[in-house]
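Visitor: Residue numbers (our numbering), protein chains in the order written: chain A, 1 to 192; chain B, 1 to 1319.
1. Considering just the uninterrupted stretch of the alpha helix (DSSP H) at residue 68 of chain B, what are its terminal residues?
2. Of all the CB atoms in chain B, is at least one closer than 7 Å to the CB of residue 191 of chain A?
3. Tell me the DSSP secondary structure of residue 160 of chain A in three-state form.
4. Could you tell me how far apart the beta carbons of residue 59 of chain A and residue 82 of chain A are, in whole angstroms, since I believe they sit closer than 8 Å?
5. Have a look at residue 1219 of chain B and residue 1251 of chain B and give me their C-alpha separation to the nearest angstrom.
6. Using the beta-carbon count (16 or more within 10 Å), is residue 757 of chain B buried or exposed?
7. Figure out for me which residue from B:272, B:1249 and B:1244 has the closest Cα to the Cα of residue 1260 of chain B.
8. Which residue spans inside the segment 925-994 of chain B form an unbroken beta strand (DSSP E) run of at least 3?
9. Closer than 9 Å between beta carbons: that is the criterion. Which residues of the segment 795-827 of chain B meet it against chain A?
10. Using a Cβ cut-off of 9 Å, pull out every chain A residue sitting near residue 110 of chain B, in sequence order please.
11. Measuring CA to CA, which of B:1068, B:1070, B:534 and B:1101 is closest to residue 1080 of chain B?
12. Name the DSSP beta bridge partners of residue 902 of chain B, please?
13. Buried or exposed: which applies to residue 99 of chain A, given that a residue is buried once 16 or more other Cβ atoms fall within 10 Å of its Cβ?
14. Count the C-beta pairs between the segment 89-104 of chain B and the segment 54-72 of chain B that are closer than 8 Å, then say yes if the count reaches three, no if not.
15. If you draw a straight line from the C-alpha of residue 92 of chain B to the C-alpha of residue 453 of chain B, how long is it?
16. Could you please give the first and the last residue of the uninterrupted beta strand (DSSP E) stretch that includes residue 1185 of chain B?
17. Quick test of your reading: residue 438 of chain B and residue 97 of chain B, contact by CB under 8 Å. State the CB separation rounded to the nearest angstrom.
18. Touch check for the segment 789-798 of chain B and the segment 623-630 of chain B: three-plus C-beta pairs under 8 Å?
19. Measuring straight from C-alpha to C-alpha, what distance separates residue 520 of chain B and residue 669 of chain B?
20. Specify, as a first and last residue, the run of the beta strand (DSSP E) that residue 1201 of chain B falls within.
21. Helix, strand or coil: which one does DSSP assign to residue 478 of chain B?
22. Using a beta-carbon distance below 7 Å, is residue 187 of chain A in contact with chain B?
23. Please classify residue 253 of chain B as buried or exposed, where buried requires at least 16 neighbouring CB atoms within 10 angstroms.
24. Residue 1358 of chain B: which of B:1196, B:952, B:1309 and B:920 sits nearest, CA to CA?
25. Please report the distance separating the alpha-carbon of residue 831 of chain B from that of residue 1032 of chain B.
26. Is there a Cβ from chain B that is less than 7 Å from the Cβ of residue 177 of chain A?
27. Could you tell me whether the segment 1283-1295 of chain B touches the segment 1231-1246 of chain B, where touching means 3 or more Cβ pairs closer than 8 Å?
28. For residue 856 of chain B, which option in B:837, B:840 and B:829 has the closest C-alpha, if you only look at C-alpha atoms?
29. Cα-Cα, which of B:1138, B:1170, B:1010 and B:1112 is closest to residue 1091 of chain B?
30. Is residue 707 of chain B helix, strand or coil when you go by DSSP?
31. Specify, as a first and last residue, the run of the alpha helix (DSSP H) that residue 1312 of chain B falls within.
32. If you count every other CB in all the chains shown that lies within 10 Å of the CB of residue 1173 of chain B, and 16 or more means buried, which is it?
33. Which residue from B:87, B:27 and B:56 puts its Cα closest to that of residue 10 of chain B?
34. Report the neighbours of residue 559 of chain B on chain A: residues whose CB is nearer than 9 Å to its CB, in chain order.
35. So is residue 151 of chain A buried or exposed if we call it buried at 16+ other beta carbons inside 10 Å?
36. With 7 Å as the threshold, decide whether the Cβ of residue 517 of chain B is near any Cβ in chain A.
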């Protein structure tokens, strides 16, 4: 793990979540915003991670920012997973979403405490290679057994489709080829 | 605005620069980035990640690691390599296959204004060179061809690298618009080797002056050499080690850089790579620099570096090349033969070394700073404007048509060839071979072929499908993967960005324009859905595959700019099957023409006639060929049968002496075989599209015996060239042709051009031009759009809309998906539609969209409300009309039925004088009946619950029967029915079956009729706000579409005021500020058209076209100011021929003279009046009726022959043959049939109470206006007076000429054009 570079964009959500503490924030910035974090942003989000705030919530926050919306992270299934987690964290309706998930993302005090401890344990693992390694290992096991299989299942296409996974944003270089007929445009949109 | 440069280098711009090449790369682009936006794509080491290095805000480098394929190429070249690095050539080889470098290129190409190659090794990444109009610069560092020739002269395969480098560099030079060379030697070498047309300029190496470091501490007898691992440097180090070091033991040789591994050996100290400070320390302490170069190209940047640091230079002339250095002034020359002595002498001349140092430093600072070189280069680049070349057309197909054989491939190739005469073509397709050629140029340099490899998943799915069923579904697998192949997407996006248009051959690449939502042309080859339905009938995944075909074809038809069909039949299939269709235009199939020498000599070695068939492994072809093998060949043993093409792969016949399967052959061989044949056959019984092979046969001079099905698309060819026969008559037809003598050569010449597919390509280019550019756009909203049009009003407006599109407008037609509209309780309408609903095709710029029909029935309470007011409306109407002479039913009476007539809750009678009236009937339920006089006096009152019989005297004037229904019987009629009368007599005479219009409207002037209706509306319908069109919409989706999209149109056109889509569209257009043109088709003598919403629509439109003239005047008098009189049109060129007469007589089956009744068979058309009159006339002529059966009523008269709907030829024949035309319709928009009769020179007898007819018929000039009373006598008059008939016929011709379509259309187009700008 220590050989990896947090400033390289992550190719999947599990890879992104394999980072902790400030490395998580760095990788999150690079992956979600396409740039390295500024000092202020980094310290703010590192503090949030250390307080035990959900890392999925932090990613969703970055993703929903104006800057995040302009950048395509290119991580399949990311938005869906983050959106689901956001629903799970909602106060009342979130219960429904949490019921159908075996590893829901919550914002309870207990969950924050647990996350804060795990994050600290990961730091200690880096720093001390000591007792806390066990806690870090627990998180890794949790991620591997509960979260990652679900994410993989969500990412697997249920049936091969002729439709692209997502529509391309129309490049400006193709604007001259946009259909001039409103009826053709209407039909295309309806078909898509 | 700053222009974008996309540059390629086969090594990265590492910092600090590790050698002269890197130095040049970084410094020069840094300088250029002062004026340009630079994106530099470089090839980095194997492994690692893509890196983006921002050297500055305007200079970005993207480093792409080399991939495994590069390593394979490297290993491959290593076997033939001599000395020197081969990573450049290996990269050049690797770039022949798609990789990350191509991906990066595709991303950046659309934004690049100028493309620079810093080596020839990445030229193959530059896919669009020569086709994008973007200037190319070969910014050379060396004359690589010469350099690699000197490096790699190994003895194993010495020419391999040489040839590779030479071909890459030649391509780079040929593609370039400007070439830069580092030295005059290189410049000359480029000219000699490649003779490029681009100018070659000098862009020497330079340096960046460093800040002074204070006085240097030069030590005696210390020489320095700088050099990278570049082979010429390594050679120079060898010279130092072997010759100089041993001969000059007192001198220390310090070697810096990758040219030698670090270490000390006696007086040679190799430092390897050092940091900048160490380098400067070594240079500061050096007596001089030695540079004994014996090979190399370009120029050595280190020379500038040395001069900058004040190090005097001892060099061979070769080593000092490229900087205009003068020996003895700027450096001390070394000769290889006297190397040692020259160095020794130089070290002794301290003063001379100092002079050289100073003059060299001054020379370089004056002429060779990167800043100066960069500015000079930038000036040259600024002069390279993007060439304004005509943009190419991007053609997509899921297989490489240029490498395939078959009708489809021939068509695509032919289209591209014809197209390429005026447009350059980029052809993008899939390829199976991942190592295949990704780029090539075809059609004499006018076509760029790009082939994107299929992904592993794609190939695997293809194999799975192949295992699953024997009929290929490769096209559908391709369709699916075209949607997800990102490399294909990137290539498409970059190619499309360059192109003016996109053409999809087949629908299987349609995922690309769909993904990017671009416009495209759908160039079809078949009606794919039908074709696949047959081919995949037994496929285990049939339903899923067919849904894919339908999805692809539906999108291709609905979203494309226009559709090219191969035949009228396919065009009709597209338009009928798919609800949304672009303009559909036909380009028939053609062939690519014979190859090789034209000789029409049958093979003299053969004893028998040879009959040929050819085809691809397409299921219908296999069926046909199987029939030849199994049926025809065994039967005709005296004839040889030859089958050519991949169709043979699907055959497994019994061996026969007279049957040969030749399989796939080259074009020349095919031509030779066809020329040697006597006849071609085409026993096709299924498939779609049309058979290219027929054109191919004819172009080779062969007559063709074909089934009619196989010859679709060639119907117009003479029967001597294409002989039609059913399969059971094939043998007979073949023998007939073989026995006749025909000239193959003449036939081949006859079809050389007309059946050439290239001609189709030219036609396609013309269509592209006709559909390009900005143009006015109209939205035509209609309640029904079908081919043929179901009614005269629809046909009329379609004709006008087609004229508008013909003048250059683009028209979108929207309608409910209906082909049948039934009235529901008279005022409501039920729209229904078959699945197959063709629309008019063959007109550029007219597309159509049919929207889903509403499922709910018309609103019963609303219709009840209209009917509830109907008696009051009619009462007001008759009170405003002159009183009839005899007794009459006045208001509140339904149409007479077979057993009597319904009276409504308010039913009025009119008696001119007191009379005995008998009313016998039965109430609808229990009711309270009052009989009141005109003055309101109660004449009688009674409870009625059973049979009713009233026989009494009623006073003159109006009498009203008022029924209050207490208990209603069962029934769903929305009319306020009260009593059903079986008898209504006045003084013993029945008036039960009176027609309202006959009695009340009769001979009244139009203004009088209009005015009375108008007043009735104002009194009875407007106060209740009763609206008609709201119950006659058909599809609310049409209304929503208009609401959402109207602002994108320049004009709304709609018609028929009694339909909701029209009135709603006008309202929407008015509120959106879009001009509208309305053709309301008002029958203002009919109460049906007198509703407030009808009049509002007429008033709200920008222009309302009205006919006849009396109506225009009337409406203008009521205050409408937007009216334009616009009468019917007629094709005055129509000819009524003998053949038409024959066609009609064949249908009629008898020679009797007759009167013609033409038009829909519906009650309102008054055909029964014509029949009655014929029965009552003395001459009792035959009546022939032609037109669709709308009312389904049985005609019992023996004097009538009803032919139903008939083709135009039969109708023309009927007009030509008839005595005259009778039209007793009570209400018409135009009455075009009267003009058609006039055009045929026939008199007309037309209902005088129909206002539209009053415009068209002048009594005694072209016919007579009649009522049912005088119609019999007029019939007799015409039957008996031929002179009169001729005279009226002439009058008819004159009247028809006044209504020529051309005039009507021109007026319409002018009106539309006048409205544009009012938006």
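We treat Cβ as the ideally placed atom computed from N, Cα and C, and that holds for glycine.
Guide: Put simply:
1. 68-78
2. yes
3. Interpretation of residue 160 of chain A is limited by its pLDDT of 43, a score under 50 that renders its predicted location unreliable; no figure is taken from the coordinates.
4. 6 Å
5. 24 Å
6. buried
7. B:1244
8. 925-933, 938-944, 948-954, 957-968 and 977-986
9. Residues passing the 9 Å Cβ filter: 810, 812, 813 and 814.
10. Contact annotation for residue 110 of chain B against chain A: 171, 172, 173 and 174 [CB-CB distance below 9 Å, chain order].
11. B:1101
12. B:980
13. exposed
14. Judged by Cβ distances under 8 Å, the segment 89-104 of chain B makes contact with the segment 54-72 of chain B, as three or more pairs qualify.
15. 19 Å
16. 1182-1186
17. 7 Å
18. no
19. 37 Å
20. First-last of the beta strand (DSSP E) with residue 1201 of chain B: 1200-1202.
21. helix
22. yes
23. buried
24. There is simply no residue 1358 of chain B to check, as chain B begins at 1 and stops at 1319 in what is shown.
25. Using only the alpha carbons, I get a separation of about 8 Å.
26. Yes, because at least one Cβ of chain B sits closer than 7 Å to the Cβ of residue 177 of chain A.
27. yes
28. Looking at B:837, B:840 and B:829, the one whose alpha-carbon comes closest to that of residue 856 of chain B is B:829.
29. B:1010
30. coil
31. 1301-1315
32. buried
33. B:87
34. 179, 184, 185, 187, 188 and 191
35. With a pLDDT of only 45 at residue 151 of chain A, under the threshold of 50, the placement of this residue in the model should not be trusted, and no figure is reported.
36. yes
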